[in-house]
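> Take a look at the following structure, please.
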Amino acid sequence: MTRLDTLLSLIEFWKDRNIDGVLSVMHEDIVWHYAAAIAPPVIGRAKARRLLESLAPGIGEVRWRIFDYAERDETLFVEGVDEYVSSEGRLVSAPYAGVVLFKDGLIIALREYFDLSGVTRMKEGDAAPPHVRELIARDALKMGEML
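To convert, note that position 78 of the sequence shown is 78 in the working numbering; the numbers rise steadily by one, no gaps.
What follows is the structure in structure tokens.
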């Protein structure tokens, strides 16, 4: 499995709320900056589980997609959108960039960068602005697909 396929499998597990599946592709010593520069990272698989369990109730449908990527050694860089329908029925579309580091075929570090203020506005009911809708109106990569 390629590094991209590993990340795409994590996304598929999360779409099904399969927390054990998500954790199965993470290294025991994962350092996850789920909101880099905004909040401190969660460190270790047990804390990653607690984070996922805290996020899951607020999410109705996951539409997380990856549009582009680049690899160098054990590092995968991705551009995508973390999109979901909240449990209140609001669409949240957060364009983001991510850096994923691998060790022994598992994700050892994950850094996700996005605009928290935009996410907050969408959670409160605002629609994504036109420039965001245009940015994310692209085809997503699929498992096994290489550019």
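All C-beta atoms, glycine included, are put in the ideal place defined by N, C-alpha and C.
Beta-carbon separation of Val42 and Leu76 under 7 Å?
No, Cβ-Cβ distance for Val42 and Leu76 is not below 7 Å.
> Going by C-alpha to C-alpha distance, which of Glu88, Lys103, Val22 and Ala48 sits closest to Val123?
Note that residue 123 corresponds to Lys in the displayed sequence, not to Val. For the residues Glu88, Lys103, Val22 and Ala48, the minimum Cα distance to Lys123 belongs to Glu88.
> If I'm right that Asp82 touches Tyr69 with Cβ under 8 Å, what's the distance once you round it to whole angstroms?
About 15 Å; that fails the 8 Å criterion.
> Can you give me the Cβ contacts of Leu8 inside the same chain, cut-off strictly under 6 Å, excluding the 5 residues immediately before and after it?
Excluding residues within five positions, the ones whose Cβ falls inside 6 Å are Met143.
> Go through the segment 61-95 residue by residue and report every complete run of the beta strand (DSSP E) that reaches 3 residues or more, in order.
Listed in chain order, they are 65-72 and 75-86.
> Along the beta strand (DSSP E) that carries Ile136, what are the first and last residues, could you check?
Unbroken run through Ile136 is the alpha helix (DSSP H), Pro130 to Ile136; no beta strand (DSSP E).
> For Glu124, which three-state DSSP category applies?
Note: Glu124 maps to coil in three-state DSSP.
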